[in-house]
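Student: For the sequence shown, the numbering used here gives the first residue as 11, with consecutive numbering after it. My questions all concern the structure below.
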Amino acid sequence: MSTQEWSNEKVKEVWQTACAQLELELSQGVFNTWILPNPLIQISATGQKITATIVSPTGFHATNLKGKFGAHLTKVLSGVTGKSVQIDYQVGNPMLRRNENKTSTHNSQQPIKSNQAQPSTQSPRVEDLFSEANAQSVEKNQAQVRAKTVGLQKDYVFENFAVSSSNEMAHAAATAVSQNPGESYNPLFLYGGVGVGKTHLMQAIGHNILLANPSSKIVYSTGEEFTNQIINAIQTKKTINFKSRYRNADVLLLDDVQFIAGKNSVQEEFFHTFNALAKNHKQIVLTSDRPPHEILLLESRLRSRLEAGLMIDIQQPSFELRTAILLIKSKSLNIPVSIEMAKMIAARVDSARKIGGILNTLKSAIELRGKELSLELIERTLITEADQKRPKLNVKINDVIKTVSDHYHLKQQAVKGKSRKKKIALSRHVAMYICKEDLGESYAEIGRWFSGRDHSTVLHAYHKIQGLIQEDDYIQQEVSAIRMSLAGSR
């Protein structure tokens, strides 16, 4: 039995009808998050059975769409087409797939689980291949020039972004936005602490959009720059120019939006800018160190607009993610960091921003001072950075014991004693570690405070916590919290 490909117009009509029904049956948030970014792009019919191909921007989208809404989608599409539907979930750029010739073979599609490019079924003419390659090269150069003009850092692209469970959703949403700006996730609001990758993802969106369309009007700014620009525009009576720049943008990327809170004239202008862009379906991407409801002095009307889109909390990178970030960044800086070296740094540095600082220090030592990259050089660099940035502890051993006891809700006698209960033993080892690492006390003196323990016992405790800090994010955070408490106690 022969297979027939439905026309693009008919496929589009089916999808529009299905979307109209799905929008009524699903919440707006679910519809915008899981349906809009994953369009139907092809239908193949064999008798009363059809295969509907849906393309998702990322594997994360495809997997969740199939797992959470696959049965619902199948039912709706079967109802719309009047045939038995099987859905083929693909991963790719929906914008490019929509423009593919309808005679493209199924083998040219990229399955979810495939990581190998499929060969073309046709051999293009030499002149066509040359022309296409030349055009792509010109477009890429144009995009790079535009990105630099906009203020985007060349390294802040998706290819250089390490993905893990702490940022997977943010990466997926950013990818989708870059491929369908203004269609879903508008606004996209990314928030989290320092060095979690908010700015990287925001700028990667800009790079991707410019790569697809170098003529796109992208405006990238920080909350502080936006504030200074509007104040200057008011003072110089050039508000028309300011409004024209921001309100005529195709994409607005605003970093650290929390900075505008409490500044009435700035919030007023941003409110109208936001409305103008949203009305024209222009993409808005915002970052902050906290969610909208925690931004004090932010006007309620602005808060409601920021919360109307997709908000994603990006967590601090795990040890594994920090290691991956190190390997990616070191490669871009041409520093031959081994996995062992990367793990060593990742165990002592808690954010992507600090990782960049350490790598730049190492690069400087290698190139300007002629040092050879080694574990010893890395150790010295880490110690120097820690000494410069760690709060100084002007405390005594008894202060450490008290603070550790309070932190773990234990009695001081229990921490100093000989109990082998897991929680008590851990707190004792942490206290010994801090006494040696931060106070520089001798093993013998530390042992004297802990029921007269000998040198080897304290040494064992020190190395145990040192190892746990490298392997366990929770222990690292516990020790950091205790250090902060000690630093604030004097």
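Positions of the beta carbon are idealized from the N, C-alpha and C atoms, including for glycine.
So, Gly-77 versus Val-101, is the Cβ gap smaller than 7 Å?
Tutor: Against the sequence shown, residue 77 aligns to sequence position 67. Against the sequence shown, residue 101 aligns to sequence position 91. Not closer than 7 Å, so no.
Student: List the endpoints of the continuous beta strand (DSSP E) containing Ile-53.
Tutor: For the purposes of this step, residue 53 is identified with residue 43 of the sequence shown, where counting begins at 1. From DSSP, the beta strand (DSSP E) with Ile-53 extends over 50-56.
Student: Just the Cα atoms here: how many angstroms apart are Ser-429 and Ala-435?
Tutor: One-based indexing of the sequence shown puts residue 429 at position 419. One-based indexing of the sequence shown puts residue 435 at position 425. Each residue's Cα considered, the two are about 7 Å apart.
Student: Could you check whether the stretch 289-297 touches the stretch 158-174, counting it as contact only if at least three pairs of C-beta atoms, one from each stretch, sit closer than 8 Å?
Tutor: Contact fails: fewer than three Cβ-Cβ distances are below 8 Å.
Student: Among the residues of its own chain, which have a CB less than 6 Å from the CB of Gly-233, if the five just before and after it don't count?
Tutor: Position 223 of the sequence shown, counting from 1, holds the residue named residue 233. Around Gly-233: Asp-266, Val-267, Phe-269 and Ile-270.
Student: State yes or no: is the C-beta of Ser-54 within less than 7 Å of the C-beta of Thr-13?
Tutor: Locating residue 54 in the sequence shown gives position 44, where the first residue counts as 1. Locating residue 13 in the sequence shown gives position 3, where the first residue counts as 1. Yes, these two residues count as a Cβ contact at 7 Å.
Student: Measuring CA to CA, which of Ile-322, Asp-323, Ala-352 and Pro-346 is closest to Ala-334?
Tutor: Along the sequence shown, one-based indexing puts residue 334 at 324. The residue with the shortest Cα to Cα distance from Ala-334 is Ala-352.
Student: Tell me the residue span of the beta strand (DSSP E) that contains Val-95.
Tutor: Counted from its first residue, the sequence shown places residue 95 at position 85. Unbroken beta strand (DSSP E) run through Val-95: 94-101.
Student: What does Thr-232 pair with, by DSSP beta-bridge criteria?
Tutor: As a first step, residue 232 is located in the sequence shown; it is residue number 222 there, counting from the start. Thr-232 is bridged to Asp-265.
Student: Taking Gln-52 as the reference, which of Leu-75, Gln-58 and Val-21 has the closest Cα?
Tutor: By 1-based counting over the sequence shown, the position of residue 52 is 42. It is Val-21.
Student: What residues in its chain sit with their C-beta under 7 Å from that of Leu-220, if we drop five residues either side in the sequence?
Tutor: Here residue 220 refers to the residue found at position 210 when the sequence shown is read from its first residue. Closer than 7 Å at the Cβ level, and outside the excluded window around Leu-220, lie Ala-153, Arg-156, Ala-157, Ser-226 and Ile-228.
Student: From what residue to what residue does the beta strand (DSSP E) around Gln-325 run?
Tutor: For this step, residue 325 is matched to residue 315 along the sequence shown. Note, Gln-325: premise wrong, no beta strand (DSSP E); not H, not E.
Student: Can you give me the Cβ contacts of Ala-491 inside the same chain, cut-off strictly under 6 Å, excluding the 5 residues immediately before and after it?
Tutor: Here residue 491 corresponds to residue number 481 of the sequence shown, with the count starting at 1. Result list for Ala-491: empty, nothing under 6 Å.
Student: Assess, as a yes-or-no matter, whether the stretch 274-289 is touched by the stretch 242-259 under the definition of 3 or more beta carbon pairs within less than 8 Å.
Tutor: A contact exists between the stretch 242-259 and the stretch 274-289.
Student: With DSSP collapsed to three states, give me the class of Phe-284.
Tutor: As a first step, residue 284 is located in the sequence shown; it is residue number 274 there, counting from the start. Residue state, collapsed to three classes: helix.
Student: Quick one: Cα of Ser-17 to Cα of Glu-23, how far?
Tutor: Looking up residue 17 in the sequence shown gives position 7. Looking up residue 23 in the sequence shown gives position 13. Using only the alpha carbons, I get a separation of about 10 Å.
Student: Verify whether the separation of the beta carbon atoms of Ile-456 and Val-440 is less than 7 Å.
Tutor: Residue 456 sits at position 446 when you count from the first residue of the sequence shown. Residue 440 sits at position 430 when you count from the first residue of the sequence shown. Their beta carbons are not under 7 Å apart, which means Ile-456 does not touch Val-440 by this criterion.
Student: With DSSP as the reference, label Ser-429 as helix, strand or coil.
Tutor: The residue you call residue 429 lines up with position 419 of the sequence shown. If DSSP states are grouped into helix, strand and coil, Ser-429 belongs with coil.
Student: Just how far apart, CA to CA, sit Lys-247 and Ile-444?
Tutor: Here residue 247 corresponds to residue number 237 of the sequence shown, with the count starting at 1. Here residue 444 corresponds to residue number 434 of the sequence shown, with the count starting at 1. Whole-angstrom Cα-Cα distance: 58 Å.
Student: Within the same chain, show all residues whose beta-carbon is closer than 6 Å to that of Leu-263, passing over the 5 residues directly before and after it, in chain order.
Tutor: For the purposes of this step, residue 263 is taken as residue 253 along the sequence shown, with counting starting at 1. Only Met-212, Gly-216, Tyr-230 and Val-295 meet the Cβ criterion.
Student: Measuring straight from C-alpha to C-alpha, what distance separates Val-167 and Pro-67?
Tutor: Within the sequence shown, the letter at position 157 stands for residue 167. Within the sequence shown, the letter at position 57 stands for residue 67. Roughly 16 Å separates the two Cα atoms.
Student: Which residue's Cα is closest to the Cα of Lys-273: Glu-304, Thr-237 and Asn-251?
Tutor: Residue 273 sits at position 263 when you count from the first residue of the sequence shown. The residue with the shortest Cα to Cα distance from Lys-273 is Thr-237.
Student: Is Pro-346 buried or exposed, if buried means 16 or more other CB atoms sit within 10 Å of its CB?
Tutor: Here residue 346 is taken as the residue at index 336 of the sequence shown, counted from 1. Looking at its Cβ environment, which holds fewer than 16 other Cβ atoms inside 10 Å, Pro-346 is exposed.
Student: Let me make sure I understand the geometry here. Which of Leu-46, Gln-31, Asn-170 and Val-86 has the alpha-carbon closest to that of Lys-341?
Tutor: The residue you call residue 341 lines up with position 331 of the sequence shown. If we check each option's Cα against that of Lys-341, Asn-170 comes out closest.
Student: Near Ala-243, which residues of its chain fall below 6 Å by C-beta distance, leaving aside the five closest residues on each side in sequence?
Tutor: Position 233 of the sequence shown, counted from the first residue, corresponds to residue 243. Hits under 6 Å: Thr-249 and Phe-252.
Student: My understanding is that Ala-180 touches Leu-200, with C-beta atoms under 8 Å, so please give their C-beta distance in whole angstroms.
Tutor: Residue numbering aside, residue 180 sits at position 170 when the sequence shown is read from its first letter. Residue numbering aside, residue 200 sits at position 190 when the sequence shown is read from its first letter. Between Leu-200 and Ala-180 the Cβ distance is about 6 Å, and since that is below 8 Å, they are a contact.
Student: Please return the same chain residues whose Cβ sits closer than 6 Å to the Cβ of Ser-194, not counting the five positions on each side in sequence.
Tutor: Position 184 of the sequence shown holds residue 194. Only Asn-42, Leu-46 and Pro-47 meet the Cβ criterion.
Student: I'd like to check one pair, Ile-407 with Val-425: are the Cβ atoms closer than 7 Å?
Tutor: Mapped onto the sequence shown, residue 425 falls at position 415. Mapped onto the sequence shown, residue 407 falls at position 397. Contact: no.
Student: Got a sec? Which residues, its chain only, sit under 6 Å from Val-276 by beta carbon, not counting five neighbours each side?
Tutor: Taking the sequence shown and counting its residues from 1, the one referred to as residue 276 is at position 266. Counting only Cβ-Cβ distances below 6 Å, and skipping sequence neighbours, we find Thr-237, Ile-240 and Ile-270.
Student: Express the C-alpha separation of Ile-479 and Val-414 in angstroms, rounding to a whole number.
Tutor: Locating residue 414 in the sequence shown gives position 404, where the first residue counts as 1. Locating residue 479 in the sequence shown gives position 469, where the first residue counts as 1. Going by the C-alpha atoms only, they are around 16 Å apart.
Student: Ser-171 bridges to which residues according to DSSP?
Tutor: In the sequence shown, residue 171 corresponds to position 161, counting from 1. The identity of residue 171 in the sequence shown is Phe, whereas the question assumes Ser. According to DSSP, which records beta bridges pairwise, Phe-171 is partnered with nothing at all.
Student: Can you give me the C-alpha to C-alpha distance between Gln-422 and Tyr-453, rounded to a whole angstrom?
Tutor: Indexing the sequence shown from 1 puts residue 422 at position 412. Indexing the sequence shown from 1 puts residue 453 at position 443. Their Cα atoms are separated by approximately 19 Å.
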